[in-house]
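According to numbering that gives the first Met the number 0, the residues represented by the sequence shown are 0 to 388, in order. The C-beta atom is built at its ideal place from N, Cα and C for all residues, glycine as well.
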Amino acid sequence: MDFDFSEDHRMLRDTVREFARAQVAPGAAARDKAHKIEPQLIAQMAEMGLFGICIPQEFGGSGMDCVASTIVVEEISKACAGTGVFLSAHNSLCVDPILGFGTEAQKKKYLPKLASGETIGCFSLTEPGSGSDAGAARCMAVEQGDSWMVNGSKIFVTNGAEAGIIVLFAVTDPTDSRHRMSAFVVEQPHDGLSIAKLEHKMGIRCTSTAEFLFENCAIPSANMLDKRGGGLRVALTTLDGGRIGVAAQGLGIAEACLETAIDYARQREQFNRPIGAFPAIQDKIANMAVGIAASRMLVYRAAWLKDQKRPYGYEAAQAKLYAAEACNRAASAAVQVYGGYGFCDDYPVERLYRDAKITELYEGTSEIHRLVIARGLLDNSANAWETNR
Numbered sequence: 000m001d002f003d004f005s006e007d008h009r010m011l012r013d014t015v016r017e018f019a020r021a022q023v024a025p026g027a028a029a030r031d032k033a034h035k036i037e038p039q040l041i042a043q044m045a046e047m048g049l050f051g052i053c054i055p056q057e058f059g060g061s062g063m064d065c066v067a068s069t070i071v072v073e074e075i076s077k078a079c080a081g082t083g084v085f086l087s088a089h090n091s092l093c094v095d096p097i098l099g100f101g102t103e104a105q106k107k108k109y110l111p112k113l114a115s116g117e118t119i120g121c122f123s124l125t126e127p128g129s130g131s132d133a134g135a136a137r138c139m140a141v142e143q144g145d146s147w148m149v150n151g152s153k154i155f156v157t158n159g160a161e162a163g164i165i166v167l168f169a170v171t172d173p174t175d176s177r178h179r180m181s182a183f184v185v186e187q188p189h190d191g192l193s194i195a196k197l198e199h200k201m202g203i204r205c206t207s208t209a210e211f212l213f214e215n216c217a218i219p220s221a222n223m224l225d226k227r228g229g230g231l232r233v234a235l236t237t238l239d240g241g242r243i244g245v246a247a248q249g250l251g252i253a254e255a256c257l258e259t260a261i262d263y264a265r266q267r268e269q270f271n272r273p274i275g276a277f278p279a280i281q282d283k284i285a286n287m288a289v290g291i292a293a294s295r296m297l298v299y300r301a302a303w304l305k306d307q308k309r310p311y312g313y314e315a316a317q318a319k320l321y322a323a324e325a326c327n328r329a330a331s332a333a334v335q336v337y338g339g340y341g342f343c344d345d346y347p348v349e350r351l352y353r354d355a356k357i358t359e360l361y362e363g364t365s366e367i368h369r370l371v372i373a374r375g376l377l378d379n380s381a382n383a384w385e386t387n388r
């Protein structure tokens with residue numbers, strides 16, 4: 000069994016890590032306070048090809064794989080979690096469904112813009128009344144000639160304010176319980192589409208989280224992804240990949256927590272010795288390290304399975320669940336290592352603690368992931384999930 004990266008993956012990791020430390024990390028606190036990623040940083044990431052990491056070269060991308068994308072999200076998230084999810088949502092939630100379900104014409108039209116960073120992408124599924132139950136969506140699309148007229152609202156759209164390309168899900172067949180929704184590619188700005196609200200969030204503040212309002216928004220029929228009624232399949236397939244991205248984000252945040260806790264434990268002295276000499280602090284650091292190691296194995300196995308074109312939904316759910324919870328444990332432990340200082344925004348652990356929480360919520364809550372994993376094992380253990388594949 001080979002647990003090492005390929006030479007290409009090692010080179011990518013080293014390059015992105017150096018960039019993240021030099022260009023992303025120094026501005027993380029200011030970015031958090033400004034609620035914005037500076038255009039210069041977006042341009043730098045575009046120049047490095049980070050927006051097209053998995054897009055084939057024929058469409059202007061780097062032509063790399065999910066392991067490569069996971070490396071990018073992990074390293075950038077270690078430096079700034081908000082910037083990490085900005086990239087992750089673009090690559091896994093917008094690029095992936097266009098790659099997987101788009102027509103050749105759609106790929107030629109949209110992927111080059113996404114690969115270059117000229118256009119940012121987002122994914123618009125969640126509604127006020129449909130979160131974990133995606134099938135309960137109410138945003139309607141009614142066919143009118145060669146267009147679909149969309150009316151309704153969407154919430155919690157990561158990158159919503161920055162995005163020029165939206166992967167939208169709307170109800171096209173309300174009486175068909177299995178094929179209610181269809182997926183569309185929508186360009187922004189667009190007549191009939193407005194941003195009703197930008198959320199003020201606990202963490203990952205530098206990336207926008209928007210509420211979209213669709214009022215008689217006409218989407219060309221040529222912009223439908225997959226086929227009519229295929230929206231739920233597109234959404235669930237996309238979310239499987241998106242969970243790897245969130246797991247990588249959690250892994251990066253946890254690593255940042257461990258690194259800053261170690262630095263502080265070496266420098267901070269109490270009772271005439273560094274606090275790292277005390278068993279209580281050592282226990283926290285050891286537990287953080289073990290959680291990170293286990294998370295890494297789960298995350299990269301899921302990414303590798305996706306690249307091998309093998310089933311990976313079960314592993315993606317495991318990775319997202321475990322990495323998110325390990326990340327939150329690490330953030331809590333890091334604040335505890337800092338003591339009272341950890342509660343103040345003079346130190347990075349305060350921001351890391353706020354950023355960590357979202358990993359247990361989006362792309363499916365931890366409760367939903369436990370439900371998905373358990374149902375797969377209990378209901379169809381002979382053919383749904385193989386526990387040692």
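Under the three-state DSSP convention, the category residue i falls into
| i | result |
| --- | --- |
| F58 | helix |
| M73 | Contrary to the premise, residue 73 reads as Glu rather than Met in this sequence. Residue state, collapsed to three classes: helix. |
| M223 | strand |
| R272 | strand |
| N424 | In the structure as shown, the chain starts at 0 and stops at 388, and residue 424 therefore has no counterpart that could be examined. |
| K196 | strand |
| T14 | helix |
| L360 | coil |
| A162 | strand |
| F50 | helix |
| F168 | strand |
Cβ-Cβ distance between residue i and residue j below 7 Å
| i | j | result |
| --- | --- | --- |
| H368 | A316 | yes |
| K305 | C93 | no |
| I203 | I357 | yes |
| R30 | C205 | yes |
| A24 | A78 | yes |
| R265 | P273 | yes |
| G338 | S76 | no |
| G228 | D172 | yes |
| S91 | G244 | yes |
Spatial neighbours of residue i in its chain, beta-carbon cut-off 7 Å, leaving aside the 5 residues before and after
| i | result |
| --- | --- |
| Q56 | G62 |
| H189 | C216 |
| A114 | F50, G51, I54, F58, G59, G60 |
| N20 | The question names Asn, but residue 20 in the sequence shown is Arg. Answer for R20: A78, listed in chain order. |
Whole-Å CB distance - residue i paired with residue j, under 8 Å assumed
| i | j | result |
| --- | --- | --- |
| I70 | V15 | 7 Å |
| A136 | V170 | 6 Å |
| A323 | A301 | That belief does not hold up - the Cβ atoms of A323 and A301 are roughly 13 Å apart, past 8 Å. |
| T259 | V348 | 6 Å |
| D239 | Y299 | That belief does not hold up - the Cβ atoms of D239 and Y299 are roughly 16 Å apart, past 8 Å. |
| G116 | I36 | Going by Cβ atoms, the distance from G116 to I36 rounds to 12 Å, so no, they are not a contact pair. |
6 Å Cβ shell around residue i - same chain, five flanking residues per side excluded
| i | result |
| --- | --- |
| G230 | F168, M180, S181, A182 |
| F100 | L224, D225, V233 |
| A355 | I252, C326, N327, A330 |
| G341 | V334, V348 |
| H178 | D172, G228 |
Own chain partners of residue i with C-beta closer than 8 Å, once the 5 adjacent residues on each side are dropped
| i | result |
| --- | --- |
| I194 | G159, A160, A209, E210, F211, L212 |
| S365 | L320, A323, E324, E359 |
| E186 | G163, I164, I165 |
| K106 | F58, I97, L98 |
| F122 | A88, L92, C93, P96, V156, T157, I165, V166, T237, G241 |
| E268 | I274 |
| L11 | M63, A67, I70, V71 |
Secondary structure, beta strand (DSSP E): runs of 3+ residues fully inside the region 102–154: 119–123, 139–143
Could you name each continuous beta strand (DSSP E) segment of 3 residues or more that falls completely within the region 270–310, going from the start of the chain to the end? none
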